Structures are given as C-alpha cells and as structure tokens.
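Numbering (my numbering), first residue to last: 33 to 489.
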C-alpha cells in the first residue's frame, strides 16, 4: 500500500526509551492501591502476586524483544501480528492494543485531579453530577482537561520535548521511592508486615491477575522503535530491564508500606503511600505533599508514555488499512503522528467527565484486552519462528519455540483468571464494556474491508 513519506524522527536514545517504558508502567497505583493489594493478598502474597505477574509479562517481553529487533517499526504489535498472522488476526490484535492504551490514558486523566484533590480540598465542591453512583465535580473534570491539553500539545510538537518531560517525571517519583525506602528502614517494624498471606492462594491470585495492567509499559518501546537512534539489538535488553525494574518498584513499595503501617491502618487510609511516609517522617505535614507530587509525576509519566504508544499504534493501523487514512498523517515539520495524537487528546478531554467508577471499569476491561493482545503477539513470535526462520533477528532468543509456547500458555492462563467463574473475574459491567468495544471493532473491520479489499489475506 501507499506509505506516508513523512516518517518519524530517529532521535530517541536509550535513556529516553527506558524512561518511557518505566514511566508508563508505574503510574499512580503505587500511591493509592498498594493498601488494597496488601489487604487482598497479605504482604508476601501481594509481592508474590507481582512476581508471578512479572514472570508472565517477562515471557511476553522476551517475545517482544526478539520481534522488535527484527521489525523495528512504529506500531509494534500491529506490525508483528500483520507479518505473522495476516490482516484479519492483526486487526484483532491491534484493536485490543488500541483499547488497552486508550484505557490507560483515560484512567490516568481522572487520576490526576483525584490525586491533586488530596492537597487541594476545594476541588470537592461546586457544580456536579452523578454517573455510576459517583458524584463528579466539574472542577475535577476541568483539571483533567487542562492536563490533556498540555500533554497533547507537547506530543504534537515533537518526541524530543516529550522525552525530556518524561525523564523529569520519572526522576520525580523515583526520589519519592528512595525516601520511602529510607523511612521503612528507619521507622519500620517487621511485625507490621503480618499477615504475610491474606485469604490464602485466592488472595494471591486476585493480586496477580491485575499485574499485567500495571506493567504494560515495556511495550511502549516497540511502539516507538522506529524513532530510536541506537542499534536494534539494544531493544531486547531494554525491554527485559524495564519489566524487571517495574516489578521491583511495585514489590519495593509494598514492602516499604507494610513495614511502616500496621495492617488495620491500611483499611482507613485514602492514599496509603502518603500516609506511610507521613508516619515515617513523624507526622510532618510535608510528607503527604512529597508523595502526592511523586504520584502526580507517575500519573503524568504513564499518561504521556501511553499517549506516545497509542498514537503510534493508531498511526500504524491507519497505514496498514485498519483505520481510516486520516490516522496516517505525520506532521511535515514535527514528524509526529498528528491526527492520532489529536484523537487521543480528544478522548483524554472527554474521559474525566465519565467519573472514576466508570473509568475503573474501563481500565479493568482494558487489562483483559492487553493480556489478549500479548497472547496474539506471542503467537506471532512462534509463527514467525516456523514461517520465517531465516528472518534477521539481531536479538535472537535461545530455545525460542519453547519460550513462545510458554508465553502463549501463560497468557491464556491469565485470560482464564478474568472469567466470571474465577474469584478474580471481571464484573458483568466490565464484560459489557469489552463487548461494546468488540462491536465497534466489528463495525470498523467491516468498514475497512469494504473500502480496502486488497488488504485481506
């Protein structure tokens, strides 16, 4: 097909890529959800849950590592699945990827004003309305819109400025993590970590099933691969390193909070990590502000990274005939996927008006979507090992066929945990959201097949 001649700039270095991947994975969950994880799985159960999830993601990451070095094009999974499985299955994979990225972006949009309200209480007042049983204040929504406008403009202007912002944000939440670790060793108590397990193996599974959603940052690297200025072989190590660092971060935060806070105190704390650092600092009022600022850095870094990744997926889908040609536009000066960025920016501006409860359901549905896409990428990896064994692979994984099968099995196993019959299964409303996305996908697929029959394989 006709490709866009205005390609993306090759300006990203190793530190740029790593900050995008780690920043994407961290987000703000470590500020508010860590207490829920500990209460659900226990201290050790929650840590093991993230380790198990990290191992699963690691196998997927290995397949991504090889494929990214072999096919370093914007879009990542779009290109991998298209090369291996053809247009039809690639559309399914790409549609799932698009949903997972849009889900993260939408969740971060509402998270930003939620965290900000912790230090600016007046945001809980003024005009409001209700969706899904939750009151939504216009002040909340407008703060989210403001953030969306700023990040959209930054991404529109160019990837270099975006990665500079990303590095600063990543450094911001890293500093908070170091302060929390110091607090755990100076004011923590090992007795506070009990119980090590809560609700047995079931609790551990409940934690494990949500971990892919909090560690999908590694696949930002394949999406931006075309904009790198370093040898393709380097992608493999970067992807693996980003997964290890992301899993280690969550385990570290769980450990630190458990050391500092007693189990009962976790139940009543709104922002658990902020409360933990406040305790470690002997109640100093600045502690909560430090953590909230770190949390905001995490939110913005994740939001920013997935805006980068999501726009590249939409660009690639547009170029491969899976979306209207409008998504193929690349800015002649800034070399950014202009229309894809603007589309995600529009979604970001609308998202905060839906409220936290609805966006939480969307985020959970997007988690399922991300694991499903992982399974198809792992399948693509295995198919290409048989279909194109001669393909140049700068980062070639040993025992690739075995690892590919393991990645597929683990992904399928994780998908089973989302079923309604499982303790960790999705709620009916979340399945409805998935169903609606599938319906929209069928409509889009029918449209592009009708308009561009030459893409059918």
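Ideal placement from N, C-alpha and C gives every residue a C-beta, glycine not left out. Model, not experiment: these values are computed from the prediction.
Is the beta carbon of residue j closer than 9 Å to that of residue i?
i, j, result
"residue 401", "residue 128", "yes"
"residue 137", "residue 63", "no"
"residue 202", "residue 437", "no"
"residue 91", "residue 394", "no"
"residue 391", "residue 383", "yes"
"residue 288", "residue 215", "yes"
"residue 323", "residue 208", "yes"
"residue 256", "residue 52", "yes"
"residue 204", "residue 79", "no"
"residue 339", "residue 183", "yes"
"residue 48", "residue 206", "no"
"residue 243", "residue 89", "yes"
"residue 279", "residue 85", "yes"
"residue 134", "residue 474", "no"
"residue 348", "residue 105", "yes"
"residue 186", "residue 168", "no"
"residue 212", "residue 285", "yes"
"residue 411", "residue 226", "no"
"residue 283", "residue 83", "yes"
Spatial neighbours of residue i within its chain, please: CB distance less than 7 Å, with the 5 preceding and 5 following residues excluded, ordered by chain position.
i, result
"residue 43", "191, 192, 259 and 261"
"residue 132", "248, 398, 401, 402 and 405"
"residue 427", "97, 98, 101, 265, 267 and 268"
"residue 501", "This structure cannot settle anything about residue 501, because the visible part of the chain is limited to 33 through 489."
"residue 237", "449, 455 and 456"
"residue 396", "458 and 462"
"residue 45", "261 and 262"
"residue 425", "98, 101 and 102"
"residue 200", "none"
"residue 465", "393, 394 and 397"
"residue 230", "71, 72, 73, 74 and 77"
Residue i: buried (16+ other C-beta within 10 angstroms of its C-beta) or exposed?
i, result
"residue 431", "exposed"
"residue 281", "buried"
"residue 232", "exposed"
"residue 456", "buried"
"residue 421", "exposed"
"residue 181", "exposed"
"residue 270", "buried"
"residue 489", "Confidence at residue 489 is low in this model, with a pLDDT of 48, below 50, so the placement of that residue should be treated as unreliable; the coordinate-derived value is given next. The residue in question, residue 489, is exposed, as its Cβ has fewer than 16 Cβ neighbours within 10 Å."
"residue 315", "exposed"
"residue 445", "exposed"
"residue 468", "exposed"
"residue 310", "buried"
"residue 33", "Residue placement at residue 33 cannot be trusted, given a pLDDT of 43 that sits under 50; the coordinates are not used to answer."
"residue 113", "buried"
"residue 153", "exposed"
"residue 453", "exposed"
"residue 210", "exposed"
"residue 145", "buried"
"residue 253", "buried"
"residue 483", "exposed"
"residue 380", "buried"
"residue 479", "exposed"
"residue 440", "buried"
Return the chain-ordered list of same chain residues with a C-beta closer than 6 Å to the C-beta of residue i, the five sequence neighbours on each side being excluded.
i, result
"residue 346", "359 and 372"
"residue 143", "60 and 331"
"residue 81", "73, 236, 239 and 240"
"residue 234", "455"
"residue 126", "110, 349 and 354"
"residue 487", "Low confidence applies here, because residue 487 scores a pLDDT of 46, under 50, leaving its location unreliable; read the following figure in that light. Counting only Cβ-Cβ distances below 6 Å, and skipping sequence neighbours, we find 119 and 353."
"residue 57", "247, 249 and 278"
Following a CB-centred definition, is residue i positioned closer than 8 Å to any heavy atom of the ligand FMN?
i, result
"residue 202", "Absence of the ligand FMN is noted for the structure shown, with no ligands found whatsoever."
Leaving aside the five residues before and after residue i along the sequence, list all residues of the same chain whose C-beta is less than 8 Å from its C-beta, in chain order.
i, result
"residue 435", "91, 94, 95 and 429"
"residue 149", "155, 156 and 172"
"residue 357", "350"
"residue 370", "188, 361, 362 and 363"
"residue 39", "258, 362 and 367"
"residue 389", "163, 164, 165 and 166"
If you pair each beta-carbon of the stretch 217-231 with each one of the stretch 53-69, do three or more pairs fall below 8 Å?
no
At least three beta-carbon pairs within less than 8 Å, the stretch 116-131 to the stretch 286-305
no
Are the stretch 333-340 and the stretch 147-158 touching, with three or more C-beta to C-beta distances below 8 Å?
The way I'd put it, the stretch 333-340 doesn't touch the stretch 147-158; fewer than three beta-carbon pairs between them come closer than 8 Å.
Every unbroken alpha helix (DSSP H) within the stretch 376-423, with a cutoff of 4 residues, ordered by chain
388-419
Taking contact to mean 3 or more Cβ pairs, one atom from each stretch, closer than 8 Å, check whether the stretch 245-256 and the stretch 274-288 are in contact.
yes
Any chance the stretch 167-183 sits against the stretch 292-300, with 3 or more Cβ pairs inside 8 Å?
Result no; under three Cβ-Cβ pairs closer than 8 Å.
Can you list the alpha helix (DSSP H) stretches of 4 or more residues lying completely in the stretch 38-107, in chain order?
46-58, 61-64, 66-73 and 75-102
Start-end ranges of the beta strand (DSSP E) lying completely within the stretch 313-355, minimum 3 residues
Whole beta strand (DSSP E) segments, 3+ residues: zero.
Scan the stretch 232-261 and note each continuous beta strand (DSSP E) run of 3 residues or more that stays entirely inside, going in chain order.
none
Length-filtered (3 minimum) beta strand (DSSP E) runs lying within the stretch 255-315:
Counting whole runs of 3 or more residues, the stretch 255-315 contains no beta strand (DSSP E) stretch at all.
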